[in-house]
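There are 2 protein chains.
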Amino acid sequence: MTLNELRYLVAVADHRHFGKAASACFVSQPTLSTQLKKLEEQLGVILFERTNKSVRPTGIGEQVIDKARRVLDQVEDIRTICRGDREPLCGARSLGVIPTLAPYLLPWLLPPLRRAHPALELIVVEDITERLIARLKEHSLDGAMVALPTSASDLIERPLFDEPFYVACPGGHRLARARAVTLADLESEPILYLADGHCLRDQALAICGGAARDPTGDFRATSLETLRQLVAAGLGFTLLPALAIPEDQRDLAGVAVRPFAGTAKRRIGLVCRATYPHLDEIDLLAQLVIDHLPASVRPLRSALNQ
Amino acid sequence: MTLNELRYLVAVADHRHFGKAASACFVSQPTLSTQLKKLEEQLGVILFERTNKSVRPTGIGEQVIDKARRVLDQVEDIRTICRGDREPLCGARSLGVIPTLAPYLLPWLLPPLRRAHPALELIVVEDITERLIARLKEHSLDGAMVALPTSASDLIERPLFDEPFYVACPGGHRLARARAVTLADLESEPILYLADGHCLRDQALAICGGAARDPTGDFRATSLETLRQLVAAGLGFTLLPALAIPEDQRDLAGVAVRPFAGTAKRRIGLVCRATYPHLDEIDLLAQLVIDHLPASVRPLRSALNQ
DNA sequence: TAAAAATACTCCATAGGTATTTTAT
DNA sequence: ATAAAATACCTATGGAGTATTTTTA
Chain B
647 MTLNELRYLV AVADHRHFGK AASACFVSQP TLSTQLKKLE EQLGVILFER
697 TNKSVRPTGI GEQVIDKARR VLDQVEDIRT ICRGDREPLC GARSLGVIPT
747 LAPYLLPWLL PPLRRAHPAL ELIVVEDITE RLIARLKEHS LDGAMVALPT
797 SASDLIERPL FDEPFYVACP GGHRLARARA VTLADLESEP ILYLADGHCL
847 RDQALAICGG AARDPTGDFR ATSLETLRQL VAAGLGFTLL PALAIPEDQR
897 DLAGVAVRPF AGTAKRRIGL VCRATYPHLD EIDLLAQLVI DHLPASVRPL
947 RSALNQ
Chain V
647 MTLNELRYLV AVADHRHFGK AASACFVSQP TLSTQLKKLE EQLGVILFER
697 TNKSVRPTGI GEQVIDKARR VLDQVEDIRT ICRGDREPLC GARSLGVIPT
747 LAPYLLPWLL PPLRRAHPAL ELIVVEDITE RLIARLKEHS LDGAMVALPT
797 SASDLIERPL FDEPFYVACP GGHRLARARA VTLADLESEP ILYLADGHCL
847 RDQALAICGG AARDPTGDFR ATSLETLRQL VAAGLGFTLL PALAIPEDQR
897 DLAGVAVRPF AGTAKRRIGL VCRATYPHLD EIDLLAQLVI DHLPASVRPL
947 RSALNQ
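Taken in sequence, the protein lines are chains B and V.
For the first sequence, the positions run 647 to 952 when our numbering is used.
For the second sequence, the positions run 647 to 952 when our numbering is used.
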């Protein structure tokens with residue numbers, strides 16, 4: 647049985663005339679006759695009772711025609727579904743974003759994304775890099791925005807922007823009035839870090855002197871907002887990524903944010919499986935992110951290589 | 647798009663492995679790969695994300711696979727339906743029977759028919775020959791049992807049996823005690839006929855002297871039972887076909903039934919469209935009728951020729 | 001007799017096979 | 001290094017065409 651045979655069957659049922667049915671199918675009458683006969687032979691059933699003046703479905707013919715219509719409808723559905731999917735970034739997509747980025751970047755990203763791709767049903771998953779990558783590999787995410795580099799192999803990375811780190815100082819501290827803070831300034835100060843698993847914790851540790859300087863008694867916040875409150879309470883210093891700093895309110899609520907002397911930054915990128923079939927969409931999204939970043943971060947020109 | 651392509655698609659979805667899927671479909675791996683790739687190209691969509699170690703459906707792939715399964719299920723349904731229909735005399739069939747035959751023959755026919763073909767859902771339509779034939783031609787009947795010959799062309803006739811006519815005499819009449827009744831006996835007696843349209847009326851008229859002897863004032867009953875009552879009331883004579891006569895009760899309720907001298911009879915046959923696709927079923931039914939007739943009629947041997 | 005379906009036959013597009021290469025772990 | 005998918009290339013089945021015959025209303 648072939649789909650064409652079913653098409654011919656339905657055409658004959660509709661036209662009740664082999665010649666007209668054949669025209670409607672854009673084939674010759676003998677072709678249609680032969681195929682229909684073959685179908686009848688394969689099914690072991692007579693589908694139409696025909697004379698040279700009339701063509702009428704038999705009882706079993708009616709049933710088969712009915713089913714055949716449904717088959718063809720569903721085939722057409724498949725075509726429709728796929729045609730709809732040709733449009734990039736439409737339908738369900740899931741994007742992972744690390745917690746130290748999501749709340750600060752998404753307000754910049756989502757409005758233009760929604761404007762450009764209204765049919766996109768984006769699901770944002772906020773989690774630490776390790777778990778985001780695990781989910782990428784098990785196909786439960788389409789892409790993820792994390793700090794680069796990811797040690798993971800068989801992933802493709804699209805660098806998006808470099809995000810400088812700032813130093814958050816307790817409001818009353820003398821450094822709160824410095825123009826910039828150096829690594830030496832922090833040498834003897836308590837540093838507050840995020841909890842284990844956050845990449846930002848590791849980056850901060852690396853910058854501020856490594857694990858050696860990390861006293862076991864340190865506070866371990868699970869969000870930058872908590873960390874910010876701890877700084878405001880005078881418990882110590884911390885590093886904040888640029889996007890986490892309200893643009894015009896660098897000194898607010900007992901926290902003074904000062905530039906870090908030197909070039910402390912993290913690189914944020916979009917990653918996906920190397921085999922992900924819609925790299926075009928990844929690139930589209932990457933470009934959209936780059937185009938709508940605030941001035942506080944440095945976009946990396948065009949995400950099309952490596 | 648072809649059904650085989652959809653089969654390959656579903657097989658790959660099930661096995662998540664091209665080689666195994668190919669084996670399951672009894673084709674080579676390259677064949678399956680090629681066909682699936684062609685399907686993807688035609689649909690303009692990637693259905694599986696594959697490495698050499700893993701094969702996983704994409705989002706759109708899941709949707710298409712789902713539809714494809716339904717398509718294949720329905721195709722299988724078609725096969726099942728047709729396989730079921732290969733068994734003769736099962737499912738819905740409609741049979742027309744003339745009113746002067748139905749109530750007397752069906753009690754003989756239906757029980758063995760039900761026994762031999764329990765899955766048959768027979769619809770019996772009782773009407774006069776003319777309308778039965780009209781319904782045959784418009785395909786709203788599969789077959790009909792009528793008196794032969796039918797003038798209708800493009801119908802096939804299967805003779806079933808010859809049914810002798812008897813004379814029903816009013817109980818008190820002198821002929822009620824005759825051994826047999828001759829045409830001459832009836833010469834001066836009133837004859838009762840069925841209403842217009844019944845073939846039995848025409849046959850009785852033909853036997854008893856034609857339209858010339860039919861006074862306009864005659865009673866026109868619409869059933870043999872009414873006619874029998876009229877005879878019992880002494881209003882006249884009539885012809886009754888053999889089956890209409892209770893076997894062991896030829897003289898009952900004021901009606902004496904006597905043989906007709908000579909060979910007055912009607913021939914009953916099964917008719918269907920010449921193009922009817924299940925002549926085998928017609929023959930099956932004909933044989934079944936013949937095999938279960940009461941002794942009062944003469945079956946016509948084997949219904950397989952004209 | 002005329003209109004329509006069925007048959008005869010020819011051709012080529014393509015599904016399927018085998019052998020091989022590419023790829024990714 | 002190895003297992004698996006992709007590619008190259010060949011073969012042959014069968015879908016589709018034209019020309020013709022058969023059928024039946």
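Backbone N, C-alpha and C fix where the C-beta goes; we use that ideal spot for every residue, glycine too.
| query | result |
| --- | --- |
| Distance CB(isoleucine 891/B)-CB(alanine 793/B) smaller than 8 Å | no |
| Beta-carbon contacts of asparagine 650/V that lie in its chain and below 7 Å, excluding the five residues immediately before and after | Gln681 |
| Coil, strand or helix - aspartate 808/B by DSSP | strand |
| Below-8 Å beta-carbon distance, aspartate 731/B vs any chain V residue | yes |
| Length of the line joining the Cα atoms of proline 945/V and glutamine 709/B | 37 Å |
| Coil, strand or helix - valine 781/V by DSSP | According to the sequence shown, residue 781/V is arginine rather than valine. DSSP places arginine 781/V in helix when its eight states are reduced to three. |
| Cβ shell of leucine 678/V (< 8 Å), same chain only, five flanking positions each side left out | Tyr654, Ala657, Val658, Phe664, Ala667, Ala668, Cys671 |
| Three-way DSSP call (helix, strand, coil) for isoleucine 727/V in this model | helix |
| Cross-strand partners of glutamate 733/B (DSSP beta bridge) | Answer by DSSP bridge pairing: none, since glutamate 733/B is not bridged. |
| Beta-carbon neighbours of valine 721/V, restricted to chain B and to distances below 7 Å | Met647, Val717 |
| Meets three-Cβ-pair contact criterion under 8 Å: the segment 721-738 of chain B and the segment 757-765 of chain B | yes |
| Reduced DSSP category for leucine 801/B - H, G, I as helix; E, B as strand; rest coil | strand |
| Proximal residues, the segment 702-714 of chain B versus chain V, C-beta separation under 8 Å | Arg702, Thr704, Gly705, Ile706, Gln709, Val710, Lys713, Ala714 |
| Buried or exposed by the 16-neighbour rule on C-beta atoms within 10 Å, applied to aspartate 937/V | exposed |
| Valine 612/B in three-state terms, based on DSSP | Absent from the structure is residue 612/B, since the part of chain B shown begins at 647 and ends at 952. |
| Cutoff 8 Å: proline 923/B Cβ touching any chain V Cβ | yes |
| Nearest candidate by alpha-carbon position, reference alanine 814/V, set Leu885/V, Gly690/V, Ala798/V, Glu772/V | Leu885/V |
| At least 3 beta-carbon pairs within less than 8 Å: the segment 795-814 of chain B vs the segment 925-935 of chain B | yes |
| Coarse secondary structure for alanine 941/V, derived from DSSP in three states | coil |
| Three-state class that DSSP yields for leucine 768/B in the structure shown | strand |
| Classification of glutamate 956/V by the beta-carbon crowding that lies within 10 angstroms, buried from 16 upward | Residue 956/V lies beyond the residue range present for chain V, which begins at 647 and ends at 952; the question has no answer from this structure. |
| Inter-stretch contact at 8 Å, needing at least 3 Cβ pairs: the segment 707-726 of chain V / the segment 716-728 of chain B | yes |
| Closer than 8 Å to chain B by CB, glycine 690/V | yes |
| Proximal residues of chain V, C-beta to C-beta of histidine 785/B below 8 Å | Glu695, Arg702 |
| Under 8 Å between C-beta atoms of alanine 899/V and alanine 878/V | yes |
| Span separating the alpha-carbon of aspartate 731/V from that of valine 673/V | 31 Å |
| With 16 other Cβ atoms within 10 Å as the buried cut-off, status of alanine 830/B | exposed |
| Closer than 7 Å: alanine 798/V CB and nearest the ligand SAH heavy atom | With respect to the ligand SAH, the structure offers nothing, as it holds no ligand at all. |
| Three-way DSSP call (helix, strand, coil) for tyrosine 750/V in this model | helix |
| Span separating the alpha-carbon of valine 917/B from that of lysine 699/V | 21 Å |
| Tyrosine 839/V versus alanine 907/V: straight-line alpha-carbon distance, rounded | 19 Å |
| Neighbour list for cysteine 728/B in chain V, Cβ cutoff strictly below 8 Å | Leu689, Gly690, Val691, Ile706, Val710 |
| Nearest-angstrom Cβ-Cβ length linking arginine 919/V and tyrosine 812/V, presumed shorter than 8 Å | The Cβ separation is near 34 Å, so there is no contact. |
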